[in-house]
Amino acid sequence: GAGVSQSPRYKVAKRGQDVALRCDPISGHVSLFWYQQALGQGPEFLTYFQNEAQLDKSGLPSDRFFAERPEGSVSTLKIQRTQQEDSAVYLCASSLGWGQGLQTQYFGPGTRLLVL
Amino acid sequence: AQTVTQSQPEMSVQEAETVTLSCTYDTSESDYYLFWYKQPPSRQMILVIRQEAYKQQNATENRFSVNFQKAAKSFSLKISDSQLGDAAMYFCAYRRGFDYKLSFGAGTTVTVRA
Numbered sequence: 001g002a003g004v005s006q007s008p009r010y011k012v013a014k015r016g017q018d019v020a021l022r023c024d025p026i027s028g029h030v031s032l033f034w035y036q037q038a039l040g041q042g043p044e045f046l047t048y049f050q051n052e053a054q055l056d057k058s059g060l061p062s063d064r065f066f067a068e069r070p071e072g073s074v075s076t077l078k079i080q081r082t083q084q085e086d087s088a089v090y091l092c093a094s095s096l097g098w099g100q101g102l103q104t105q106y107f108g109p110g111t112r113l114l115v116l
Numbered sequence: 001a002q003t004v005t006q007s008q009p010e011m012s013v014q015e016a017e018t019v020t021l022s023c024t025y026d027t028s029e030s031d032y033y034l035f036w037y038k039q040p041p042s043r044q045m046i047l048v049i050r051q052e053a054y055k056q057q058n059a060t061e062n063r064f065s066v067n068f069q070k071a072a073k074s075f076s077l078k079i080s081d082s083q084l085g086d087a088a089m090y091f092c093a094y095r096r097g098f099d100y101k102l103s104f105g106a107g108t109t110v111t112v113r114a
């Protein structure tokens, strides 16, 4: 595709609800990243996929957060039993692959999650 | 852990003038990359410019240029001939050589006065 797309763009959830956020990376991009951006802050790394393999999930804040990329393209970030502190913009990024010159990350527009 | 510091929460510039955004970082690595990303109100983060630590020459992309001072661990962004479309949040980011994680600063909001 032309760029990274994310859906929904906005999500309002009641505390305790489960939510699923979708990311469509640029076609052919091997690497996929999720970041969390709190209001007025820079993005913080959550997790990283290389194809379908989740190689790093060290940034996930709790076991309520789960990410998958089963076929190595589309990825879903799921948050179970949402809490107010989960309110943030969730950014997805993809990059072509690995090695010099291939690692520029291209970002999607983000999903703004508000937990009431 | 690497930290990236942007000490200017907000900057204002007159259209056609020049503005410089500061960024400092802390690392013990010798191989790393530095980036400036622009995030307009629509929130799509766009790469503005990147600098490889092993390159002494400062990167330039049209009206955007950096002043990379490796010893001082400083990486400032200069926007020349500012345009209304330059108004956005600008993030400085760091990545170790063959790592994949980006570490971002807190950002600087740039407003452009007509």
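If you're matching them up, the sequences are chains V and G in order.
Per my numbering, the very first residue in the first sequence carries number 1; after that it's consecutive.
Per my numbering, the very first residue in the second sequence carries number 1; after that it's consecutive.
Positions of the beta carbon are idealized from the N, C-alpha and C atoms, including for glycine.
Note: V:I26 is not bridge-paired with any residue in the DSSP secondary-structure output.
Look at the beta carbons and you see the stretch 32–42 of chain V not touching the stretch 71–85 of chain G: under three pairs across the two are nearer than 8 Å. V:L114 sits exposed, since fewer than 16 C-beta atoms from the chains shown fall within 10 Å of its C-beta.
G:E15 carries a coil assignment under DSSP once its states are collapsed to helix, strand and coil. For the stretch 29–45 of chain G, the set of residues with a beta-carbon nearer than 9 Å to any beta-carbon of chain V comprises Y33, F35, Y37, Q39, S42, R43, Q44 and M45, in chain order. Near chain G, meaning a CB-to-CB distance below 9 Å, the residues of the stretch 75–97 of chain V are V89, L91, A93 and S95. Within the DSSP bridge table, the entry for V:D56 names V:Y48 as partners. Nearest CB-CB separation between V:F65 and chain G: not below the 9 Å threshold.
Taking C-alpha positions only, V:A93 is separated from G:A114 by approximately 33 Å. For V:E85, the secondary structure class from DSSP, reduced to helix, strand or coil, is helix. Nearest Cα to G:R63 within the set G:A16, G:S12 and G:S103: G:A16. Less than 9 Å divides the Cβ of V:G108 from the Cβ of V:S5. A Cβ-Cβ distance of about 15 Å is found for the pair G:T5 and G:T20, leaving them out of contact under the 8 Å criterion.
Close to G:A106, with beta-carbon spacing below 9 Å, are these residues of chain V in chain order: G40, Q41 and G42. Contact annotation for V:Y48 against chain G: Y100 and K101 [CB-CB distance below 9 Å, chain order]. Going by DSSP, G:N67 is part of the beta strand (DSSP E) stretching over F64 to Q69. Taking the Cα of V:S7 as reference, the smallest distance to any Cα among V:R15, V:V74 and V:F33 is reached at V:V74.
The DSSP-derived three-state label of G:D26 is strand. G:L34 sits in a strand when the DSSP states are folded into three classes. Between G:A59 and chain V, the shortest Cβ-Cβ separation is not below 9 Å. V:K78 counts as exposed, since fewer than 16 other beta carbons sit within 10 angstroms of its beta carbon. With a contact defined as Cβ atoms closer than 8 Å, V:F33 and V:Q103 miss out at about 11 Å. A straight-line Cα-Cα distance of about 26 Å links G:K70 and G:A88. Residues of chain G whose Cβ lies closer than 8 Å to the Cβ of V:P109 are, in chain order, S42, R43 and Q44. Annotation: Cβ neighbours of G:L47 in chain V (cutoff 9 Å, chain order): T104, Q105, Y106 and F107.
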